[in-house]
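Residue numbers (our numbering): 115 to 266.
Pasting the structure below:
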């Protein structure tokens, strides 16, 4: 089946990617964003694995025939994308673990994991610093260091 239904794994890949992209862009909750990123990555993994499949292909292994000799019969599915995606899955799980660790630290520091609330807190802190005259940025830090060297 080569019609639109015959390539259902590509439809699933697009669906997973779009759900993941929507979650990363539209959800302010950091854990939901991390899970959405995982869905997006899963869609990419499915896409690469689907591209490796050859019509009528089998696993790329030697087969033994009746007389004990080994025979090379093709066509075979391409094993390289499978190996690369296995590595990508390990990296993906590691990235998710680091993201969750960072989210835990953000929760401890801000008391929330909602991005818009964290941004509002940061903006309020910057406004308060500005009103007290304690505004610093990279240019102020360089100027302060240069002044310190002149007085020494």
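From the three backbone atoms N, C-alpha and C, an ideal C-beta is built for every residue, glycine too.
Assigned with DSSP and collapsed to three states, residue 192 falls in coil, not helix or strand.
In the same chain as residue 134, and ignoring 5 residues on each side of it, the C-beta atoms closer than 7 Å to its own belong to 150, 151, 153, 154 and 157, in chain order. Residue 226 carries a coil assignment under DSSP once its states are collapsed to helix, strand and coil. Judged by beta-carbon spacing, residue 232 lies within the 7 Å limit of residue 224, meaning their Cβ atoms are closer than that value. In the DSSP assignment, residue 172 forms a beta bridge with 190.
Close CB contacts of residue 141 within its chain, under the 6 Å cut and outside five residues either way in sequence, are with 147 (chain order). Take the alpha-carbon of residue 235 and the one of residue 190: they are about 57 Å apart. Out of 162, 136, 144 and 138, the CA that lies nearest to the CA of residue 127 is found in 162. Separation of the CB atoms of residue 121 and residue 159 is rounded to 17 Å, and the pair is thereby denied contact status at 8 Å. Here residue 137 is buried, its C-beta having at least 16 other C-beta atoms within 10 Å. In this structure, the straight-line span from the alpha carbon of residue 192 to that of residue 199 is close to 12 Å.
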